[in-house]
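First the structure, in the form of structure tokens, and then the observations on it.
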Amino acid sequence: MSQPDLDEISFETEEPQTEQLMTFRIRDEIYGLSILRVQEIRSLCPMTLIPNSPPSVIGMMNLRGAIVPVIDLCQRLSIGESNVSETSVIIITKAIDLKNDTEKTVGLVVDQVREAQSIFLYDLQDAPSEMEAKVPQGSIQGLVEMDSQMTIVLNLDRLFSENFF
Amino acid sequence: MSNDLDMSEFQDIFFEECAEGLDVMEKGLMGLDDGADSEFINTIFRAAHSIKGGGGTFGFTAITEFTHSVETILGEFREGTRSVTRPVVDLLLTACDILRHMTGAMQEGEPVDTNRVAEVQAQLEAVLAGGSGELGPEAAAESAPESDSTSSDMDISSGGESVLLVGWAGELLGVTEDELLGHINKIAGVSASEPVRSGDGDELHTIGIRVSGSMTEDALKEGLAWVPSEITFTVADSSPPAPAPQMPKPMFFTNIDFGDEDDAPAAKPADPAPEAAPKAAAPVPASASVATEPAPAAPAAVTPTADDAGGAKPPAPPAGGGTGGSGSGSGKSGQANTIRVNIEKVDEIINLVGELVITQSILSQCCAKLDYMGEELRTGLDQLERHTRDLQDSVMKIRMLPISFVFNRFPRMVRDISSKLGKEIELEVIGEATELDKTVLENISDPLVHLVRNSVDHGIEMPKDRDSVGKDRTGRVILEAYHEGGNVVIQIRDDGKGLDRARIRAKAIQKGLISEEETLSDERIYDLIFHPGFSTADVVSDLSGRGVGMDVVKRNIRDLSGTIEVSSSEGEGTTFTIRLPLTLAIIDGQLARIGSETYVVPVLSVIESNQMKASQVSSIANGTEVYRFREEYIPIIRISEIFGLSQERRSIEEGLLIVVDAEGMKAGLHVDELLGQQQVVIKGMETNYKPIPGISGATILGDGRVAMILDIAGIINNSNWVDSAAINKAIERKQLQDQSRSAA
Numbered sequence: 029m030s031q032p033d034l035d036e037i038s039f040e041t042e043e044p045q046t047e048q049l050m051t052f053r054i055r056d057e058i059y060g061l062s063i064l065r066v067q068e069i070r071s072l073c074p075m076t077l078i079p080n081s082p083p084s085v086i087g088m089m090n091l092r093g094a095i096v097p098v099i100d101l102c103q104r105l106s107i108g109e110s111n112v113s114e115t116s117v118i119i120i121t122k123a124i125d126l127k128n129d130t131e132k133t134v135g136l137v138v139d140q141v142r143e144a145q146s147i148f149l150y151d152l153q154d155a156p157s158e159m160e161a162k163v164p165q166g167s168i169q170g171l172v173e174m175d176s177q178m179t180i181v182l183n184l185d186r187l188f189s190e191n192f193f
Numbered sequence: 045m046s047n048d049l050d051m052s053e054f055q056d057i058f059f060e061e062c063a064e065g066l067d068v069m070e071k072g073l074m075g076l077d078d079g080a081d082s083e084f085i086n087t088i089f090r091a092a093h094s095i096k097g098g099g100g101t102f103g104f105t106a107i108t109e110f111t112h113s114v115e116t117i118l119g120e121f122r123e124g125t126r127s128v129t130r131p132v133v134d135l136l137l138t139a140c141d142i143l144r145h146m147t148g149a150m151q152e153g154e155p156v157d158t159n160r161v162a163e164v165q166a167q168l169e170a171v172l173a174g175g176s177g178e179l180g181p182e183a184a185a186e187s188a189p190e191s192d193s194t195s196s197d198m199d200i201s202s203g204g205e206s207v208l209l210v211g212w213a214g215e216l217l218g219v220t221e222d223e224l225l226g227h228i229n230k231i232a233g234v235s236a237s238e239p240v241r242s243g244d245g246d247e248l249h250t251i252g253i254r255v256s257g258s259m260t261e262d263a264l265k266e267g268l269a270w271v272p273s274e275i276t277f278t279v280a281d282s283s284p285p286a287p288a289p290q291m292p293k294p295m296f297f298t299n300i301d302f303g304d305e306d307d308a309p310a311a312k313p314a315d316p317a318p319e320a321a322p323k324a325a326a327p328v329p330a331s332a333s334v335a336t337e338p339a340p341a342a343p344a345a346v347t348p349t350a351d352d353a354g355g356a357k358p359p360a361p362p363a364g365g366g367t368g369g370s371g372s373g374s375g376k377s378g379q380a381n382t383i384r385v386n387i388e389k390v391d392e393i394i395n396l397v398g399e400l401v402i403t404q405s406i407l408s409q410c411c412a413k414l415d416y417m418g419e420e421l422r423t424g425l426d427q428l429e430r431h432t433r434d435l436q437d438s439v440m441k442i443r444m445l446p447i448s449f450v451f452n453r454f455p456r457m458v459r460d461i462s463s464k465l466g467k468e469i470e471l472e473v474i475g476e477a478t479e480l481d482k483t484v485l486e487n488i489s490d491p492l493v494h495l496v497r498n499s500v501d502h503g504i505e506m507p508k509d510r511d512s513v514g515k516d517r518t519g520r521v522i523l524e525a526y527h528e529g530g531n532v533v534i535q536i537r538d539d540g541k542g543l544d545r546a547r548i549r550a551k552a553i554q555k556g557l558i559s560e561e562e563t564l565s566d567e568r569i570y571d572l573i574f575h576p577g578f579s580t581a582d583v584v585s586d587l588s589g590r591g592v593g594m595d596v597v598k599r600n601i602r603d604l605s606g607t608i609e610v611s612s613s614e615g616e617g618t619t620f621t622i623r624l625p626l627t628l629a630i631i632d633g634q635l636a637r638i639g640s641e642t643y644v645v646p647v648l649s650v651i652e653s654n655q656m657k658a659s660q661v662s663s664i665a666n667g668t669e670v671y672r673f674r675e676e677y678i679p680i681i682r683i684s685e686i687f688g689l690s691q692e693r694r695s696i697e698e699g700l701l702i703v704v705d706a707e708g709m710k711a712g713l714h715v716d717e718l719l720g721q722q723q724v725v726i727k728g729m730e731t732n733y734k735p736i737p738g739i740s741g742a743t744i745l746g747d748g749r750v751a752m753i754l755d756i757a758g759i760i761n762n763s764n765w766v767d768s769a770a771i772n773k774a775i776e777r778k779q780l781q782d783q784s785r786s787a788a
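Line by line, the protein sequences are chains X and S. So in the working numbering the end of the first sequence lands on 193, straight run, no missing numbers. So in the working numbering the end of the second sequence lands on 788, straight run, no missing numbers.
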């Protein structure tokens, strides 16, 4: 009664590999994140400062009794400081702490949430090197064009792999 | 597929029971050193028997075969055909180690070291062979261990008891096993029952029941005529051969304590039974009355067995203990009420209760803001608060375990090490029923092992050295645990040679930890042994003295928010005192406002809070300030500055100073305002983030906001924040000034 190997089946039927993205806006750019990593979306709430933490770490929030760090994605990606507006939200994500190999919950403040969209993985293009140089290594999985707008697809785990956890 | 899963679940239970059984055996064997009490031997024998039986049930033949030899030797002990000697006890202890290795390896799916097993098994067999040669033909004839154990069981029970086999095919109709037992108990007192065969579906089930008083099959059939199932009864006499072919021995009466039959006068044979049996049977679910029965309901694992009590509640004397019928009856009811639950489930409940407490306080705060609050709402809220607190207390108690879980290993360890070193050492254990949190318990074990080893290895002198200084040849190590305030205190005391101040000092100078001119108090000198890489042992043994350890001990204890102190007097001994919090999950917190943030200061470390006058504060080098607190100077730590909350320094007179103490070091924390005190549930920063210096965790306050909990010891010992060298120098200078001023 062994489970059929899903990878093998998709390989045999030559089905193109797709990924569902959750897209959001930071300033004027559109970013995407695998939707499987998104737990929920929350409105901004009071946060508690974490002593001596980098400026990109806004603080700790209370997520139904769990204590969850919230980061300003804008600063983590070295775009500048985010402008908190009415549309700003916290995307609660599940990231893997690669150092300790555990799953951790982290909130990301973004300017606006857009939609869920499917992409073909083979459509992903490499990001230009000057773009990659500014962000934590490997945190941009690639670029993909959707509705004539470039979407930057993020690798959540890599985003936190450099001295975050 | 589901069968496989179930099986592995049962195997886990078996392994757990093995571990408990082995603990019981080890403890019992240790007890044999002090004299061969027959009750001890019975306890050990039963534990071995259970392991063997379980091994057979689950098809671990290696375990069964190995335990067989052990059991045979124990059987001979029990019958008195072999005298209890230290070499044999040592061998049996080694056998326990082998069994532990075997079960451990099997559980992890690792290979068993068959060479070692075979080696020890050969030794056991050699002992057995030698033994039966001495014992003559009678014992040799009995050397088959099965007949040994059975016949001795029967001998004990010769006071008018008989064995009844109750059998049925397929499911019992209209009656549960427990009810059936209850009815049989009414007809003839049942003193013990044990499944002999519990088959699946239509297979034949058999229970063996030991009944007191004589009876006939007819009487039974008459009494149970209403039972719809086709049940067969066979009355077996006290002669073992008759039931033998039907009863696979390893399963029979493995868990039953015969102590009560021993004491029960033959004149009123039914007496102990009604007491013991209903208690054992009544409070447990149907299938649980039989511990080793691999029935589907067993994972709930109510295990009303004598062995379980020995394992789960080690402070209790060996089950039953021959304290008479009523004593063992109440013992049994205690055992029947234990339940084995996965710790994760308990933690989930604890978490949920933590949330409930928070929700309750949010609700109270909301209502406190209402202009009008009706009487009913007020009483309701008050009750809610009381009940949630009670609930929280009760739930936290679930995690509490007696410290004997850790202490139990020491008698064996001390015995092994002292015989290896040729020392004579007596270990006294006090307060082993003291309870503390399971997590604390698990993490305190290694540091304690280290400290006890240290006492045995370095503390206690060789017997001839003790003789020459006029001490008793036998050294004493005392392990004591007790509650003090909100803490558990564990002390390890020895009456050995004490710490050698001069040598520690010399070593510290050699290692560059202190300079030659420095004069240090005794306390400070003893504290040096907790430095990494510090060891004064001349000979590095495989036991201790490798220079790693004491620093690890201190770190482990600090990780548990505990402290360790050492005191010693030369020639008289050394005492290590460990203070641990009762639980890691909840602390009493003093809330304090610093800037716009609320922080929690653990109340345990607060000495007092003061409004300061500028005259009480002196500035020393690098902008560090000290405060004259009672007779001493303590550094002032401005939390807002070390946490980077504000850039400009405000006058010290604004705000308050919380004087705190950690590990004997005092400091004043400068905060803006004191808020209320409340219990807070500690949540780890690491769960979703990482450890933060100066912060031991976070909690959620009544208003739903997160607050950080200050790590007082971490702040005081952080050299970036507190320049203790500069402060110490300045304080010395100031004290000199004070002295000269008062002299003038």
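Cβ atoms here follow ideal geometry from the backbone N, Cα and C, with glycine treated the same way.
Which term fits residue i, buried or exposed, when burial requires 16 or more other beta carbons within 10 angstroms of its beta carbon?
i: E83(S); result: buried
i: K96(S); result: buried
i: S684(S); result: buried
i: E64(S); result: buried
i: H431(S); result: exposed
i: V766(S); result: buried
Considering only the beta carbon of each residue, do residue i and residue j sit closer than 8 angstroms?
i: A711(S); j: P735(S); result: no
i: L171(X); j: M178(X); result: yes
i: R510(S); j: D538(S); result: no
i: V661(S); j: I696(S); result: yes
i: K389(S); j: R443(S); result: no
i: S601(S); j: I622(S); result: Per the sequence presented here, residue 601(S) reads as Ile, with Ser not at that position. Taking 8 angstroms as the Cβ cut-off, I601(S) and I622(S) qualify as a contacting pair.
i: Q151(S); j: F59(S); result: yes
i: P79(X); j: G593(S); result: no
i: S94(S); j: E115(S); result: no
i: L719(S); j: I681(S); result: no
i: D716(S); j: I638(S); result: yes
i: L701(S); j: S653(S); result: yes
Thinking just about the alpha-carbon of each residue, which of the options is nearest to the one in residue i?
i: V161(S); options: A139(S), E675(S), E154(S), E676(S); result: A139(S)
i: E479(S); options: G633(S), I534(S), V766(S); result: I534(S)
i: S189(X); options: T121(X), K127(X), Q48(X), L61(X); result: K127(X)
i: G60(X); options: L77(X), K162(X), F192(X), S167(X); result: S167(X)
i: V138(X); options: M75(X), S157(X), V181(X), S116(X); result: S116(X)
i: D154(X); options: G135(X), S146(X), V134(X), N183(X); result: N183(X)
i: M709(S); options: T518(S), E468(S), V596(S), E676(S); result: E676(S)
Counting only beta-carbon atoms, is residue i nearer than 8 angstroms to chain X?
i: A636(S); result: no
i: V666(S); result: Sequence inspection shows Asn at residue 666(S); the Val mentioned does not correspond to that position. So no, N666(S) is outside the interface.
i: P737(S); result: yes
Kindly indicate if chain S contains any beta-carbon less than 8 angstroms away from that of residue i.
i: T133(X); result: yes
i: N90(X); result: yes
i: A155(X); result: no
i: P82(X); result: no
i: I95(X); result: yes
i: L126(X); result: no
Would the beta-carbon of residue i be found less than 7 angstroms away from any heavy atom of the ligand NAP?
i: L718(S); result: Within the structure as shown, the ligand NAP is missing, as the structure has no ligands at all.
What are the boundary residues of the beta strand (DSSP E) that includes residue i?
i: P446(S); result: 444 to 446
i: F52(X); result: 46 to 54
i: L754(S); result: 750 to 754
Taking residue i as part of the alpha helix (DSSP H), name the residues at either end of that continuous run.
i: S613(S); result: That residue, S613(S), is in no alpha helix (DSSP H); its beta strand (DSSP E) goes 607 to 613.
i: M656(S); result: First-last for M656(S): undefined, no H or E at that position.
i: T105(S); result: 105 to 123
For the stretch 743 to 764 of chain S, enumerate the residues whose C-beta is nearer than 7 angstroms to any C-beta of chain B, in chain order. Protein chains in the displayed structure are X and S, and chain B is not among them.
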